[in-house]
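2 protein chains.
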Amino acid sequence: MDGKAPIDFYFDFISGYGYLASLRIDAIAARHGRGVDWHCMLLGVAVMKKMGLKPLLETPLKGDYVLRDVARYQRRHGVEMARKLLDPVMDPRPAARAFCWVRRHHPGRAGAFAHAVFDRYWRLGRDLSSPDELGALAGPLGLDESALRLGIDSEESRADLRDSVAASLDRGVFGSPFVFVDGEPFWGSDRLEQVDDWLARGGW
Amino acid sequence: MDGKAPIDFYFDFISGYGYLASLRIDAIAARHGRGVDWHCMLLGVAVMKKMGLKPLLETPLKGDYVLRDVARYQRRHGVEMARKLLDPVMDPRPAARAFCWVRRHHPGRAGAFAHAVFDRYWRLGRDLSSPDELGALAGPLGLDESALRLGIDSEESRADLRDSVAASLDRGVFGSPFVFVDGEPFWGSDRLEQVDDWLARGGW
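If you read the protein sequences in the order shown, they are chains Z and B. The first sequence begins at 0 in numbering that gives the first Met the number 0 and counts up one residue at a time. The second sequence begins at 0 in numbering that gives the first Met the number 0 and counts up one residue at a time.
Right, here's the structure in full:
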């Protein structure tokens, strides 16, 4: 898009705030002639192992607040989600490996695939930890279902996911969503207005 | 102001985000015909004891991000601070007890006193853990310096601070700044736009 570098969008599919931000990031980037480069990270590695913190919803006081904060955002912006924050959380790794496979073999569809996973997990409330559920995403995106299913369990995708998570940590990514604009980091769905401002001004 | 309930603003004087929010909260409230009711809390109790978390700046990855985030906010909004986030942190309890004394004995000046402490600690970079430094705030606000100094170490102020911290935890306050509008909680300086929106719409 106009030769400008895309903005980097880091996410974990199990992140509710990541889902909410995913609904807005394309429009924010496009408004400034940018594309979006999608990258997966894993909260379980960044938050729990690297930072030594509890999961958000298990943190005293903050857990209750997050439930209310997300519900308030949903009402304000009309976002319906069949999945509730307190529902059992899927193992995010199969979906993340599927994303890595699409990113490597069909990079032009990585964003569309990420949207499809987010949509199916959060809006429709489906568990995407099985190859069957993930495979069903292939057809509508023009991807080969059997190749995707093989990709999910391939050593190549496992290595790509490990590399992607390691690269995210090296870059200082510790949450979802996490955005870089020309190297400048922004954490959280509540920083998207600032991302917009940064893009409009070319930084400050 | 127009008979509408004030909004509640919870803060810890050692919180940089609390300081940045304190610079905006009066104007946001006034725009909607509201006053501000100031309440002190202690991050050391809420975050470290109750939530079991590390201080923000000692949290891997997040610490570096916070330094950058605050500096970026300062550049954007022209906020100068002689105090740096990595400077030694004062014991916030004497200033919090001074605030409790003002709030009890001169409630109409509680907000002005909170602003004065924040200003002196962050903009001027002074340590306010001594009665001398705190006493110097009295004169310009029309308060009796010797009464304030006695108040800082009084059993009454100690009890008021304990009660204030306990009440904040009972209400779910776990960070600084933390705002309630008609009972609705908002955490963080990056939620002030939402506070403004909530006040404008009367909630949603």
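By construction, the Cβ of each residue, glycine as well, lies at the ideal position given by its N, Cα and C atoms.
Chain Z within 7 Å of residue i, Cβ atoms only
i	result
residue 75 of chain B	yes
residue 189 of chain B	yes
Proximal chain Z residues relative to residue i, where beta-carbon distance stays under 8 Å
i	result
residue 171 of chain B	60, 63, 64
residue 259 of chain B	One cannot answer for residue 259 of chain B here, as it falls past the ends of chain B, which runs 0 to 203.
residue 192 of chain B	192
Residue i - DSSP class collapsed to helix/strand/coil
i	result
residue 90 of chain Z	coil
residue 203 of chain Z	coil
residue 114 of chain B	helix
residue 126 of chain Z	coil
residue 6 of chain B	strand
residue 68 of chain B	helix
residue 63 of chain B	helix
residue 0 of chain B	The pLDDT assigned to residue 0 of chain B is 49, lower than 50, so where the model puts this residue is not dependable, and the model offers no usable value.
residue 121 of chain Z	helix
residue 101 of chain Z	helix
residue 38 of chain B	strand
residue 83 of chain Z	coil
residue 107 of chain Z	helix
Any C-beta of chain B under 7 Å from that of residue i
i	result
residue 186 of chain Z	yes
residue 203 of chain Z	yes
Proximal chain B residues relative to residue i, where beta-carbon distance stays under 7 Å
i	result
residue 23 of chain Z	None at all; the shortest Cβ gap to chain B is about 15 Å.
residue 161 of chain Z	Under the 7 Å cutoff, chain B gives no residues; its nearest Cβ is about 18 Å from residue 161 of chain Z.
Proximal residues of chain Z, C-beta to C-beta of residue i below 7 Å
i	result
residue 108 of chain B	Correct list: empty, because the minimum Cβ distance to chain Z is about 30 Å.
residue 207 of chain B	As displayed, chain B neither begins before 0 nor continues past 203, which places residue 207 of chain B out of reach and without an answer.
Where residue i meets chain Z, residues with beta-carbon distance less than 9 Å
i	result
residue 204 of chain B	Because chain B here runs from 0 to 203, residue 204 of chain B falls outside it and cannot be looked at.
Task: Proximal residues, the region 25-59 of chain B versus chain Z, C-beta separation under 8 Å - done: So the close ones are 45, 49, 50, 51, 52, 53, 58, 59.
Task: Contained alpha helix (DSSP H) runs [length at least 4] in the region 132-197 of chain Z, N- to C-terminal order - done: Entirely contained in the region 132-197 of chain Z, the alpha helix (DSSP H) runs reaching 4 residues are, in chain order, 144-151, 154-169.
Open item on the list: Against chain Z, which members of the region 82-104 of chain B pass a CB distance test of less than 9 Å?
Closed with: Under the 9 Å Cβ criterion, the region 82-104 of chain B contributes no residue.
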